Amino acid sequence: MGLFMSSILVFLFIFLGQYNTYALQDVTTDLFGGKNNGTVAAFGDFNSDKQTDIFIIREQLEVLIFLADSKAPYFKPQMLITKDVLPRDTIITSVVPGDYDGDSQMDVLLTLSTQTSPVTTVVVFWGNNMTLDMGGFLKLNKTFTDQPLVMDFNGDMIPDLFGVTEQKSSEVCYLTKRMPVWVKALNSSVSLRVPHSNAFIDLDRDFNADLFLTAENSKFETWLNKDGKFTREDVMPTNPPEAAVIGQSAFVDFDGDGSQDHLLPVCLDPACKQSRVFLAKSSTKEKEWFQVPLDFQQKETQWGFVPGNLEQPLALHLGDYNLDGFPDALVILRNTSGSGQQAFLLENVPCNNASCQSVGRMFHIHWDQSDLGAIQNAVMATFFDIYEDGILDMLVLSKAEAKKDLIIHALKNNFEADAYFVKVMVLSGLCSNDCPDDVKPLGVNQPGPFVSYTTVDSNGYQKNASGRRLLCLKVFLHIYITLIHGSTSYCNNDSCPLVGLSTTGLVFWEVFKKVDKEKKSVLISFSCFVFFLCMRK
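Counting in the working numbering, the sequence shown runs from -10 upward without gaps.
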């Protein structure tokens, strides 16, 4: 479920053959009909029906919302924001749904730029009972040097905006009363990299979201959340590996130890003919980088990352494709001896050589995914649970000649397994049954939640995993945290999901069982709806 969805973490204890490939099925027409053009900018539950809707930018001038439906086409387009209501000569660079004024209704934030100025302008359209108030949108009175990070800076469960303003000052903007209030952020100035890959995420497992910053000169800073105040304390390497191109930082439980690790794609040369993925662990005292083995050679062809640009930076898009409890990745690769580029699946597999013993895992590229390979000139790819069944499918964007908009491709993952999965939705807790105008407080995109899970498999071995959700721009993310565990696993009093927030909040989770009957997927809901009031430790 999209940008509001926390992120997808899956957990399944089954035995699979090494490097198995599961068939993909093109379902683009089933999802979008013939209206599959534009840039997929964000996901969110806009109409509070617990189904993921998709925000799409058309020609960088207008925003459409594709509402999830039970009948084909499964996403119905509806115009949301037209170009005539925006400032003249601006283009839309990103969309971030969220509840920015604390009324438990989804608002929509846009970042804008012009052809003549590199600064970022922010406008917010306020939610109004599953619609938007088109006449009273807010344009911030300051601009940012790059797209802001959406985070809960003061712990009031309402998203705030953090970034460097045009005055070169790191500031946070509060929008609680629909009026911008600017406050200097942190106790020292910091110059951020453009494009940045800042994150609001728990890095020390105290269930308080911390602040990770990508500074100039490609350095990294970690500001830990201690009693509601951010204090500089580096828990990961501050310098990246030596490289010509530094990609976007990604955080994921790469090796299944329950802690969030730092994954970083880089290129040793400007053309990315020598591409690498490095990992830094937050669970160890040693602040060092480990190279994740990854063979870019396909027979006689050498592949590498695409260097990226401001609009499409080099990034890994993560999700557990085969439900083995370890996150896989989607990435765009380019033929280093030609110009062709396409999306590839990187499977997270056990380490099979001495170079990765310290990590225990490595990536294996699936060269034989013909459905992915059929999409030429791919520029972006992400995981997306199309059918709400706990199985991650794929969305791929490609560039077509003589067309302004990108082409959207939807690929269904036909992997089948018996498994339970838990879908976790983190609400603000600002209201429940007493929300203004009787609105449903669902789909408000809460930034920063962290979920960890400990369970036992059928052999009696303890299994750990964790998931997080971020509100980022230009990066596809999911809005729920989905935890999947095999039917023989169990959750005892000491191993149930723990959900961490930066302050008081409301957590909603739902237990499902996915079974196969005559090779047809059947989804059974146990109607187990549990609400938690999460207090800061």
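Just so it is clear, CB atoms sit at the ideal spot from N, CA and C, and this is done for glycine as well.
From a predicted model like this one, the values you see are computed outputs, not experimental measurements.
Are there 16 or more other CB atoms within 10 angstroms of the CB of residue 310, so buried, or fewer, so exposed? buried
Residue 46 versus residue 54: straight-line alpha-carbon distance, rounded: 9 Å
Between the region 316 to 326 and the region 270 to 282, do three or more beta carbon pairs fall short of 8 Å? no
State yes or no: is the C-beta of residue 437 within less than 9 Å of the C-beta of residue 191? yes
Name the two residues that bound the continuous alpha helix (DSSP H) containing residue 17. 17 to 21
With DSSP collapsed to three states, give me the class of residue 131. coil
Could you compute how far the alpha carbon of residue 269 sits from the alpha carbon of residue 110? 34 Å
Where are the alpha helix (DSSP H) runs, 4 residues long or more, that stay fully inside the region 317 to 396, in chain order? 359 to 362
From the DSSP secondary-structure annotation, give me the bridge partner or partners of residue 169. Looking at the DSSP assignment, residue 169 forms no beta bridge with any residue, so it has no partner.
In the DSSP output, which residue or residues are listed as bridge partners for residue 110? 101
So, using beta-carbon positions, are residue 212 and residue 175 closer together than 9 Å? yes
By DSSP, does residue 122 sit in helix, in strand, or in coil? coil
Status (buried if at least 16 other CB within 10 Å, exposed otherwise) for residue 94: buried
Span of the beta strand (DSSP E), counted from its first residue to its last, around residue 404: Segment: none, residue 404 is in no beta strand (DSSP E) and carries neither H nor E.
Where DSSP assigns a beta bridge to residue 137, which residues make up the other side? Paired residue(s): none; residue 137 is not in a bridge.
When you compare only the Cα positions, how much space is there between residue 114 and residue 126? 5 Å
Proximity below 9 Å, CB of residue 225 to CB of residue 189: no
Indicate the three-state DSSP secondary structure (helix, strand or coil) for residue 180 in the structure shown. coil
Going by DSSP in three states, residue 262 sits in which element: helix, strand or coil? coil
Using three-state DSSP, classify residue 433 as helix, strand or coil. coil
What is the rounded straight-line gap between the Cα of residue 265 and the Cα of residue 202? 21 Å
Between the CA atoms of residue 159 and residue 425 - distance to the nearest angstrom: 34 Å
Where does residue 323 land, buried or exposed, given buried means 16+ other C-beta within 10 angstroms? buried
Can you tell me whether residue 136 is buried or exposed? The criterion is at least 16 other CB atoms within 10 Å of its CB, across all chains shown. buried
Assuming residue 418 and residue 365 form a contact by the criterion Cβ under 8 Å, report the distance between their Cβ atoms to the nearest whole angstrom. Not quite, the Cβ-Cβ distance comes to about 47 Å (not below 8 Å), so this is no contact.
Could you work out which residue in 452, 99, 142 is closest to residue 215 when comparing CA atoms only? 142
Using alpha carbons as the reference points, say which of 433, 313, 400, 429 lies closest to residue 415. 433
The beta strand (DSSP E) with residue 74 in it runs from where to where? Careful: residue 74 lies outside any beta strand (DSSP E) and carries neither H nor E.
Who are the near neighbours of residue 138 in its chain, counting only those whose CB is closer than 7 Å to its CB and skipping five residues on each side? 151, 152, 187, 189
Among 40, 84, 74, which one has its Cα closest to the Cα of residue 64? 40
Through-space distance from residue 384 to residue 303, alpha-carbon basis: 17 Å
Provide the residue span of the beta strand (DSSP E) that contains residue 66, from first to last. 64 to 70
8 Å CB neighbourhood of residue 263 in its chain, flanking five on each side removed: 256, 257, 293
Pairwise C-alpha distance: residue 92 and residue 532: The requested residue 532 does not occur in the structure, where the chain is confined to residues -10 to 526.
With burial defined as no fewer than 16 other Cβ atoms inside 10 Å of the residue's Cβ, what is the status of residue 242: buried or exposed? buried
For residue 82, collect the residues of the same chain with a Cβ closer than 6 Å to its Cβ; drop the 5 residues on either side in sequence, then sort them by chain order. 100, 102
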